[in-house]
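Participant: Okay, handing you the structure first.
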Amino acid sequence: QHLVTPGAVCGPGAVPADLGSGADLGSGADLGSGADLGSRADLGSRADLGSGADLGSGADLGSRADLGSGADLGSGADLGSGADLGSGADLGSGADLGSFYIGLASHQPTCVLSCVFVFCFRLERKQ
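The working numbering applies: residue 27 is where the sequence shown begins, and numbers increase by one.
Set out below in structure tokens:
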């Protein structure tokens, strides 16, 4: 299991950053574009992943995560509240979105109808 201290940065110089399964980056982590965290990655709050990030299945990003456009979270991803996904983000099936803002081009099936009416909207998970 990989552990990265809070505030750690794996920027463009470390692209693609590959932390494997069970990776834990803590809060404030910043990964550049093309980062690959594998399955069960835990990024904590305020994680910032560039475009094209691949988190695999079961990833847990916590609150206020920012994934940018083209991010791929696979199935079973948990973004918690306040997560920000750019347009074109791919969350796969079974993703747990919580409450967050999402762009127009998201492929999340439950959001398609709402995306037709507004570019960026607030999605609230039923408690």
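All C-beta atoms in this analysis are idealised placements derived from N, C-alpha and C, irrespective of residue type, glycine included.
1) How many angstroms separate the CA atom of A85 from the CA atom of L63?
2) Going by alpha carbons, who is nearest to G70 out of L117, G118, S107, D80?
3) Would you mind sorting S132 into buried or exposed? The rule is 16 or more other CB atoms within 10 Å of its CB.
4) Distance, Cα to Cα, L81 vs L99?
5) With distances taken from CA atoms, which of A55, D116, R72, D74 is nearest S101?
6) Is any non-hydrogen atom of the ligand ZN found closer than 7 angstroms to the C-beta of R90, if you look at the structure I gave you?
7) Let me know the secondary structure DSSP gives G94 once reduced to three states.
8) Taking DSSP as the reference, what is the three-state secondary structure of A55?
9) Going straight from the alpha carbon of D68 to that of G88, what length do you get?
10) Is L75 helix, strand or coil when you go by DSSP?
11) In three-state DSSP terms, what is L130?
Facilitator: Walking through what the data contain:
1) Locating residue 85 in the sequence shown gives position 59, counting from the first residue. Locating residue 63 in the sequence shown gives position 37, counting from the first residue. Rounded to the nearest angstrom, the two C-alpha atoms are 8 angstroms apart.
2) Here the question's residue 70 lines up with position 44 in the sequence shown. It is S107.
3) Numbered from its first residue, the sequence shown carries residue 132 at position 106. Confidence at S132 is low in this model, with a pLDDT of 41, below 50, so its placement is unreliable and the value that follows should be read with caution. By the neighbour-count rule (16 or more Cβ atoms within 10 Å), S132 is buried.
4) The residue given as residue 81 occupies position 55 in the sequence shown. The residue given as residue 99 occupies position 73 in the sequence shown. One C-alpha to the other measures close to 5 angstroms.
5) By 1-based counting over the sequence shown, the position of residue 101 is 75. For the residues A55, D116, R72, D74, the minimum Cα distance to S101 belongs to D116.
6) This structure does not include the ligand ZN; it has no bound ligands of any sort.
7) Here residue 94 refers to the residue found at position 68 when the sequence shown is read from its first residue. If DSSP states are grouped into helix, strand and coil, G94 belongs with the strands.
8) In the sequence shown, counting from the first residue as 1, residue 55 sits at position 29. Three-state result, A55: coil.
9) For the purposes of this step, residue 68 is taken as the residue at position 42 of the sequence shown. For the purposes of this step, residue 88 is taken as the residue at position 62 of the sequence shown. Going by the C-alpha atoms only, they are around 8 angstroms apart.
10) To locate residue 75, count along the sequence shown from 1; it is residue 49. Taken through DSSP and simplified to helix, strand or coil, L75 comes out as strand.
11) Position 104 of the sequence shown, counted from the first residue, corresponds to residue 130. The predicted position of L130 is uncertain, since its pLDDT is 40 and thus under 50; a value taken from the coordinates is nonetheless stated next. In the displayed model, L130 falls within coil according to three-state DSSP, outside both helix and strand.
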